[in-house]
Amino acid sequence: MNSVGSGPIPGLFLVVARATNGVIGNHGGLPWKLPADMRRFRQLTLDKTVIMGRKTFESLPGTLPRRRHVVITRDPEWSAPGVDVAQDEDAALWIAGEGEVAVIGGAEIYALFEPLAERIELTEIDTPVAGDTTMPAFDPSSWREVRREPQEPAQGEPPYAFVTLVRR
Ligand SMILES: NC(=O)c1ccc[n+]([C@@H]2O[C@H](COP(=O)([O-])OP(=O)(O)OC[C@H]3O[C@@H](n4cnc5c(N)ncnc54)[C@H](OP(=O)(O)O)[C@@H]3O)[C@@H](O)[C@H]2O)c1
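Positions 718 to 885 (my numbering) are the ones given, in order, by the sequence shown.
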């Protein structure tokens, strides 16, 4: 896969769920429980390489089946079974290689890769949510919405929609 500095990278996409106030996480986990979103996440990432930050990896119960994991950390000592470790975004892209590569968070890692992605698979949580990890809204002058699927929330779930953005 191309290195950083050469513009958007074919096949590189973000998968992110974000509330209207920018919240994506709380106490090291997700602030909501949305089974349909988990299914969509699985469908979008299955049999692909997933790139994530060390904190997001540690929020998971373990490695995700049928996905190759690239975890970014500055800690040269860090490792985990079944995981490729990268110390910056360039190394992560080099390890990931060609093809569809999903960047799955968290906020620090989205900030690193947003300028390089060509697509965003966004779950838009259509209400403010309490949380301690936020990311900025996607700039409409850079991103164009090409698909929107409003979801029927189950009881206790916030209103939400599956949205696809492509780079202008
Ligand atoms: N809603 C969603 O779609 C979604 C998706 C994923 C995660 N989340 C949530 O987001 C939260 C975690 O996000 P976060 O922003 O705190 O952490 P993160 O992005 O998952 O990981 C941050 C870590 O990545 C490493 N890192 C960051 N920038 C780096 C760089 N330039 N070079 C090398 N390593 C770098 C550092 O690891 P070291 O400290 O080891 O050096 C840093 O502590 C959790 O609550 C999680 O549940 C939400």
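Just so you know, even glycine gets a beta-carbon here, dropped at the ideal spot from N, CA and C.
Anticipated Cβ contact below 8 Å, residue i with residue j, distance rounded
i: Thr850; j: Val733; result: Between Val733 and Thr850 the Cβ distance is about 11 Å, and since that is not below 8 Å, they are no contact.
i: Glu831; j: Leu731; result: 7 Å
i: His786; j: Gly799; result: 6 Å
Closest by C-alpha distance to residue i, when choosing among the options
i: Thr766; options: Gly746, Ser796, Thr773 and Leu810; result: Leu810
i: Ile821; options: Arg865, Ser858 and Phe774; result: Phe774
i: Asp856; options: Gly724, Trp795, Leu882 and Arg756; result: Leu882
i: Arg759; options: Arg783, Thr737, Gly745 and Lys772; result: Arg783
i: Pro748; options: Pro845, Glu794, Ser796 and Val880; result: Pro845
Heavy atom of ligand 1 within 6 Å of residue i beta-carbon
i: Ala734; result: yes
i: Asp807; result: no
i: Ala878; result: no
i: Asp843; result: no
i: Ile789; result: yes
DSSP bridge partner residues for residue i (one or two, in chain order)
i: Glu841; result: Arg735 and Ala878
i: Thr850; result: Gly742
i: Thr766; result: Arg785 and Val818
Are three or more beta carbon pairs between the segment 870 to 880 and the segment 742 to 753 nearer than 8 Å? yes
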